[in-house]
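Heads up, the thing below is written out as structure tokens.
Residue numbers (my numbering), protein chains in the order written: chain A, 2 to 172; chain B, 2 to 172; chain C, 2 to 172.
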């Protein structure tokens, strides 16, 4: 099953995704899209890693998410992608073309994924519209991606203060 | 029926409103509150227009929303107002007096509207509180307007990643 | 019962909390965490006070929330704490140590509170991630606090356009 987990900053998204993985009893692959560009980010990444079971495989992949998921298709692994908004941010930092190409590759791949995958993503569009054109573009792209992902995923879960709130359920 | 559609940026509000209009089989009037002040905005407006059926009537009305709705009362049209936050932003750019007068005119008119109307509006108050007094005022006014609109509308729908989530249902 | 009321700016949180207090028929203690640092804030505080019944006791407590709640434990009062995000902001303005100490004191106290308490707090993490490290820290702390509070409270209610949406119900 594919599941999209949405929520604001520190709303318990990652912890929820991890509990889903543990419950599955499967081998877990954790795909981290974060890249450590400053010390604050480095610290966040290390803190996150310490909360995860030691036997999980971690793959750092800031760009080629579809390729990385595709390579898991032969294994019956449970996959966590954490998170889509950082990935989108990495893509936009490269170029609009790479962003369009990689997001399309992901959306094209999804219907054929038979692994259980939980995609974690930040809700970023419910604040005041940012001034800069780049920020607005990021918010727009994130919203658009969430809509497409929600169509492709069988379950969509919104996290509020650590409480999962299912807004789309498997048929 | 009056319906308020709330949601973050690119959460599928406009598309949902348009699907409601198509389902109604009625003649549709689309009231656009956007004004094209820069090229980015111009582009957005054009993109939005291309997604709408050609036989819909479009009215651009950045300020006098109550008047424009009032003029539709004799026709059994389905009306989309897209969107309230841009309208509010237009009003505040004029003056506090015009803002107070026009929002009051809308709220006074609503109980007598027998057309089906879907009001689209952006959720802007769930991010960090903006620094500037003007931004804070906008966020406050938007929140207040949403509360009043939610009382006047029979249905309130929150969009999350393109998925409608009804939070107030017709009795 | 302990209840956490979350919502965006001007989403009707305070009004909902006050209606809960009125419905309880108990003596009401209103704990205000706001401090009037500028004229805009002063005005907001006065406006809020005017909407509250005259026989409610108001306590202004920007920092020592756990102490203030503890002092109410002998009285069968209904308590409103409005709001946690301002309190958190006050704590962070003092120091990280005071913030950690006071939030821990609150979370430690909660299981022993037999008063009815409604905690009002702002959803601040659903907009774009703020640039400044301090803002990011505030958003992180608020999210973390909301998760802990949601675990300690029997009911969690999200306000959307003045409409209460219960996301955790008493067992």
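Using N, Cα and C, we set each Cβ at its ideal position, and we do this for glycine too.
For residue i and residue j, what's the separation of their Cα atoms in angstroms?
i	j	result
residue 28 of chain B	residue 80 of chain B	9 Å
residue 108 of chain A	residue 160 of chain B	21 Å
residue 103 of chain B	residue 124 of chain C	29 Å
residue 50 of chain C	residue 154 of chain B	29 Å
residue 60 of chain B	residue 36 of chain B	12 Å
residue 44 of chain C	residue 52 of chain C	13 Å
residue 63 of chain B	residue 138 of chain C	38 Å
residue 156 of chain C	residue 39 of chain B	46 Å
residue 15 of chain B	residue 88 of chain A	26 Å
residue 76 of chain B	residue 99 of chain B	28 Å
residue 41 of chain A	residue 105 of chain C	24 Å
residue 26 of chain B	residue 3 of chain B	16 Å
residue 92 of chain C	residue 65 of chain C	9 Å
residue 122 of chain A	residue 83 of chain A	7 Å
residue 132 of chain A	residue 132 of chain C	13 Å
residue 112 of chain C	residue 169 of chain C	17 Å
residue 20 of chain C	residue 97 of chain B	30 Å
Counting only the same chain and skipping the five closest in sequence on each side, list residues whose C-beta sits under 8 Å from that of residue i.
i	result
residue 110 of chain C	67, 70, 71
residue 130 of chain C	137, 140
residue 46 of chain C	33, 35, 37
residue 90 of chain A	139
residue 114 of chain C	3, 70, 74
residue 171 of chain C	2, 155, 156
residue 24 of chain C	none
Mind pulling the chain B residues with CB within less than 7 Å of residue i?
i	result
residue 166 of chain C	168
Establish whether the CB of residue i and some CB of chain D are separated by less than 8 Å.
i	result
residue 38 of chain C	No chain D is present in this structure, whose protein chains are A, B and C.
Along chain C, which residues have their Cβ under 8 Å away from the Cβ of residue i?
i	result
residue 46 of chain A	In chain order: nothing, as chain C lies at least about 14 Å away.
residue 5 of chain B	162
Just to confirm before moving on: does the CB-CB distance between residue i and residue j stay below 8 Å?
i	j	result
residue 116 of chain B	residue 148 of chain B	no
residue 13 of chain C	residue 163 of chain C	yes
residue 141 of chain B	residue 95 of chain C	no
residue 18 of chain A	residue 119 of chain A	yes
residue 85 of chain B	residue 146 of chain B	yes
residue 126 of chain B	residue 101 of chain B	no
Starting from the C-beta of residue i, find all residues in its chain whose C-beta is less than 6 Å away, skip the five residues before and the five after it, and write them out in chain order.
i	result
residue 58 of chain C	30
residue 158 of chain A	6, 165, 167
residue 9 of chain C	124
residue 22 of chain A	29, 79, 81
residue 151 of chain A	5, 157
Using the beta-carbon of each residue, which ones in chain A are nearer than 7 Å to residue i?
i	result
residue 41 of chain C	Correct list: empty, because the minimum Cβ distance to chain A is about 17 Å.
residue 96 of chain B	Within 7 Å Cβ-Cβ: nothing; residue 96 of chain B doesn't reach chain A, min ~21 Å.
residue 151 of chain C	162, 163, 164
I want to verify the contact list: residues of chain C whose CB lies under 7 Å from the CB of residue i, in sequence order.
i	result
residue 128 of chain A	127, 128, 129
residue 49 of chain B	In chain order: nothing, as chain C lies at least about 22 Å away.
residue 124 of chain A	127
residue 12 of chain A	126, 144
Closer than 9 Å by beta-carbon distance: list the chain A residues that pair up with residue i, in chain order.
i	result
residue 208 of chain C	Beyond the ends of chain C as shown, which are 2 and 172, falls residue 208 of chain C; an answer cannot be given.
Taking residue i as the query, report the chain C residues whose CB atoms sit under 9 Å from its CB, ordered along the chain.
i	result
residue 159 of chain B	161, 162, 166
For the ligand COA, I want to know if residue i counts as a neighbour, meaning its beta carbon is within less than 7 Å of at least one of the ligand's heavy atoms.
i	result
residue 165 of chain A	Ligands in the displayed structure: none, and consequently the ligand COA is not present.
Quick one: what's got a C-beta closer than 7 Å to residue i's C-beta in the same chain, skipping five residues either side?
i	result
residue 48 of chain A	none
Could you run through the region 134-149 of chain C and flag, in chain order, every residue whose CB is less than 8 Å away from some CB of chain B?
Flagged, chain order: 136, 139, 140.
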